[in-house]
Amino acid sequence: MLLHSGLVFCQQLSKADYLEDLQYLKDTLPKRHINLFARISKADFDKNIAAIESRLIEPDYETFTTELFKLTVAIGDEHTHIEPIFTKVIPIRFNKFAEGIYVTATDTTNTDVLLYQLTGINGHAITEVINRFKEIIQSGNPSFFDARLLNFLNNPVILKGLGITGNTEETRFELTAPDGKTIKRAIRSVTGKDAGSLPLVGVKNRQLSPKEHKNYWYAFDPGSGTLYFNYNNCQEQDGHPFSVFNDELLAMIIKSKPQRLVIDLRDNSGGNSTILGPFIERIKRSYLNSKGKLFVLIGRETFSSALMNAIELKRGTYATLVGQPTSGSVNHYGEVRGFRLPHTKIVIGYSTRYWENWQGHNGPLTPDVTIAYSVKNYSKGIDEALVYTDKTW
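Below is the structure:
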């Protein structure tokens, strides 16, 4: 399990503190990681550390954090990452569609900009913003990059560290309305570790996938004969073990005899891949294990253990994969552990195992049927992936 910190970072650190943390990382990470130099040589790793040290002239938490993100890009292991202590967040959330990046949730004072397109931040065009984020996020896999970009566009520490903003208190967004009118909206940061921890107001589009905020749930539509199974998190649900849920779901299949089963892994970033195993084994022996009856939805958030579940379904059943490429690579380093830097308390997550899930398959898991999601359909509550599976909700 990763180390998660609930500490509030408020201590003023000196340049020596940052340099000591950097040295601690340099000494510790190669010893802990199972194969740190798989994609970067030791010489280049040392050069990157030295380059960071030379740039820490007047360091602060924002610039140091950004430099560590740049190091993870150079390392090239999608699971080796950093977990800074974030205490501020901008109360706005974005999503990416075929037409661009759009506002999909805000605090109550900014709901008028819902479904406005993001065209710039603090005077920097969105193309420039994206290019700067490529310095701190691996961009070889567009799904990996997009998933993390959307998580950081509302992070004032990252925006300041990249030089997009000059402070962490307020951020000015350039937004374009559906009628083409462009506005500038200054939004103040609030206390919080990320936007997911805030009670934001989202677009009321009545899409099915965000209907329940649980690790796993299902819904059956007798009219279409489709059983929809949302597997949102590879973790046990408090008060509702997966073994109990699995029995309920299988009983529903026996009772209702659905014409098709849709398993939604699009928002699942991982956890424990073995939890879904008993369900997959039962589906393999089910009448639903045939072409046109079994669909698995994947996307840019499908990562780690959820990706492994998708691979198992692809290789072991007649499932049709629908959606977009996963952010995780089919074969990858993982099984993450972590250690904390002594002064900044930033957690360094590192891989302890190599997973060869499908020999000869490089890069992300790609769908059999690719879906291009449109903001126009999103605003109407239309989920193109479910439309493809002949689902009508």
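Going by numbering that gives the first Met the number 0, the sequence shown opens with residue 0, and the numbers climb by one from there. From the three backbone atoms N, C-alpha and C, an ideal C-beta is built for every residue, glycine too.
Own chain residues within Cβ distance below 7 angstroms of residue i, not counting five before or after
i: Leu18; result: Glu52, Leu55
i: Asn121; result: Ile163, Thr164, Thr170, Arg171
i: Leu2; result: Caution applies to Leu2, whose pLDDT of 42 falls short of 50 and renders its modelled position unreliable; the model cannot decide the point.
i: Ile33; result: Tyr332, Ser350, Thr351, Arg352, Tyr353
Straight-line Cα distance separating residue j from residue i
i: Arg352; j: Asp76; result: 12 angstroms
i: Asn245; j: Leu364; result: 26 angstroms
i: Thr319; j: Asp266; result: 18 angstroms
i: Lys256; j: Glu66; result: 54 angstroms
i: Cys233; j: Lys213; result: 11 angstroms
i: Arg87; j: Ile157; result: It should be pointed out that residue 87 corresponds to Lys in this sequence rather than to Arg. If I take the Cα positions, the gap works out to 11 angstroms.
i: Leu6; j: Pro240; result: Below a pLDDT of 50, predicted positions are generally treated as unreliable, and Leu6, at 41, falls in that range; no measurement from the model is reported.
i: Gly238; j: Asn271; result: 18 angstroms
i: Leu275; j: Leu340; result: 35 angstroms
i: Arg284; j: Lys313; result: 15 angstroms
i: Pro324; j: Asn204; result: 24 angstroms
i: Thr126; j: Ile48; result: 28 angstroms
i: Ser378; j: Thr181; result: 19 angstroms
i: Val386; j: Leu248; result: 23 angstroms
i: Asn308; j: Pro58; result: 42 angstroms
i: Asn229; j: Glu168; result: 37 angstroms
i: Gly348; j: His80; result: 5 angstroms
i: Asp45; j: Phe68; result: 15 angstroms
i: Phe302; j: Lys30; result: 25 angstroms
i: Phe93; j: Glu383; result: 19 angstroms
i: Val335; j: Gly269; result: 11 angstroms
i: Glu355; j: Thr108; result: 48 angstroms
i: Gln206; j: Ser373; result: 13 angstroms
Residues near residue i by beta carbon distance below 6 angstroms, same chain, minus five either side
i: Val189; result: Pro90
i: Asp145; result: Lys95, Arg299
i: Asn140; result: Pro363
i: Asn231; result: Asn214, Asp266, Asn267
i: Phe8; result: Any reading at Phe8 must be qualified, since the residue scores a pLDDT of 45, below 50, and its modelled position is unreliable; the value itself is stated next. So the list reads Ile84, once near-sequence residues are dropped.
i: Phe396; result: Shown here, the chain extends from 0 to 392; a query on residue 396 therefore has no answer.
i: Leu148; result: Phe132
i: Asp193; result: Val88
Cross-strand partners of residue i (DSSP beta bridge)
i: Glu173; result: Gly119, Lys183
i: Arg393; result: With the chain running from 0 to 392 in the structure shown, residue 393 is simply not present.
i: Gly189; result: Checking the sequence, you will find Val at residue 189 rather than Gly. According to DSSP, which records beta bridges pairwise, Val189 is partnered with Val88.
i: Pro363; result: Ser328
i: Thr167; result: Looking at the DSSP assignment, Thr167 forms no beta bridge with any residue, so it has no partner.
i: Trp216; result: Asn229
i: Ala104; result: Arg92, Gly201
i: Phe144; result: None, per the DSSP bridge assignment.
i: Gln236; result: His239
i: Gly333; result: Arg352
i: Phe402; result: Limits of the chain in this structure are 0 at one end and 392 at the other, which puts residue 402 out of reach.
Heavy atom of the ligand PLP within 6 angstroms of residue i beta-carbon
i: Asn150; result: This structure lacks the ligand PLP; in fact it carries no ligand of any kind.
Beta-carbon separation (whole angstroms), residue i vs residue j, contact threshold 8 angstroms
i: Tyr317; j: Asp263; result: Not quite, the Cβ-Cβ distance comes to about 18 angstroms (not below 8 angstroms), so this is no contact.
i: Phe219; j: Val261; result: Actually they do not touch by this definition, with Cβ atoms about 11 angstroms apart.
i: Gly322; j: Ile370; result: 5 angstroms
i: Tyr217; j: Gln236; result: No, Tyr217 and Gln236 are not in contact; Cβ-Cβ is about 13 angstroms, not under 8 angstroms.
i: Thr343; j: Leu12; result: 7 angstroms
Residue range of the unbroken beta strand (DSSP E) whose run includes residue i
i: Ile125; result: Element bounds for Ile125: not the beta strand (DSSP E) but the alpha helix (DSSP H), 125–132.
i: Val243; result: Where Val243 is concerned, there is no enclosing beta strand (DSSP E), although the alpha helix (DSSP H) it sits in stretches over 241–255.
i: Gly348; result: 346–354
i: Thr64; result: Per DSSP, Thr64 belongs to no beta strand (DSSP E); it is in the alpha helix (DSSP H), 60–74.
i: Glu82; result: 80–82
i: Val321; result: 319–322
i: Val112; result: No beta strand (DSSP E) holds Val112; DSSP gives it neither H nor E.
i: Arg259; result: 259–263
i: Leu293; result: 293–297
Endpoints, the alpha helix (DSSP H) within which residue i is located
i: Gly315; result: 304–315
i: Leu385; result: 383–387
i: Leu287; result: Where Leu287 is concerned, there is no enclosing alpha helix (DSSP H), given that its DSSP letter is neither H nor E.
i: Asp43; result: 41–54
i: Ile157; result: 155–160
i: Ser378; result: 374–378
Proximal residues to residue i (C-beta, below 8 angstroms), its chain only, five neighbours per side dropped
i: Leu174; result: Val102, Val112, Tyr115, Gln116, Leu117, Thr118, Thr181, Ile182, Lys183, Arg184
Below-7 angstroms beta-carbon distance, residue i vs any chain C residue
i: Leu197; result: The structure shown contains no chain C; it holds only a single protein chain.
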